[in-house]
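Comments concern the structure below.
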Amino acid sequence: MARDDHRQTGADHANGAPKATAPADISLVGSIDEVMAEKLRDMLNQTEDGDEPLIIDMTTLGGDPEMARRMIAEVDAARKRLNGRRLVFVGKTVVYSAGCTFMAAFPPEDRYLTSDTTLLIHCRQLQQTIELDGPIRMLLPKLEAMIHQLDTGIELERDNFQRLIDHTDVKMDELLEKALYNWYVGAEEAAARKLVAGIV
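Listed below in structure tokens is the structure:
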């Protein structure tokens with residue numbers, strides 16, 4: 000599909016697409032961590048309702064998925080508090096890992112990417128060494144706790160993936176397969192698969 004098929008023009012801006020040159024109301028750049036989550040919370044709390052969309056842009060190589068979930072909760076709360084004011088996500092250059100987790104806070108029609116942007120979607124990661132030493136009966140609770148942690152992580156992952164792909168052309172089975180080995184998605188492909196509304 001040609002690049003211009005998904006590119007937003009000045010006329011499209013009247014229908015809700017942000018202009019590439021429009022300054023963001025909230026700009027999130029860097030690792031997704033407590034600092035970024037606090038910044039988003041504070042800036043959303045200072046925002047008033049209105050007719051104009053609130054533009055949140057992001058450039059990130061990823062970070063803490065739990066902080067990304069907290070940021071989703073802040074966006075959801077702000078959307079209710081602002082009486083339905085439209086909140087728009089604009090990904091710039093790179094939106095990796097936990098950045099895509101956060102992007103799921105916005106419905107596909109409120110997601111945009113700059114033309115140079117790449118998304119990275121992957122499964123939740125875990126690096127942990129389990130040392131088993133002692134009576135077997137004492138070790139079983141330790142293993143059960145680890146299994147519970149994994150099950151919880153998988154459930155959270157699937158819930159977020161579902162929110163990411165709702166009303167898109169991407170099916171869960173495809174996403175789970177591709178995310179297992181890191182799925183890099185360019186702006187053109189993201190728009191073609193309806194993961195985003197367009198390119199700005």
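Taken in order, the sequence shown gives residues 0 to 199; the numbers are from numbering that gives the first Met the number 0.
Note that CB positions come from ideal geometry on N, CA and C, so glycine has one too.
Can you look up F88 in the DSSP assignment and give me helix, strand or coil? strand
If contact is defined by three or more beta carbon pairs under 8 Å, each pair taking one atom from either stretch, is the segment 109-121 in contact with the segment 134-145? no
According to DSSP, what are the bridge partners of T58? V28
Once you ignore the five residues that flank W182 on each side, which residues in its own chain have a CB closer than 6 Å to its CB? I120
I want to know whether the segment 100-109 touches the segment 81-90 - three or more CB-CB distances under 8 Å. yes
Would you kindly report the start and end of the unbroken alpha helix (DSSP H) that includes T151? I135 to I164
Burial state of P64 (16 or more Cβ within 10 Å): buried
Where does the unbroken alpha helix (DSSP H) through V74 begin, and where does it stop? P64 to R80
Quick check: what's the CA-CA separation for M34 versus T167? Going by the sequence as given, residue 34 is Val instead of Met. Using only the alpha carbons, I get a separation of about 31 Å.
Which value, in whole angstroms, describes the spacing of the CA atoms of D172 and E37? 34 Å
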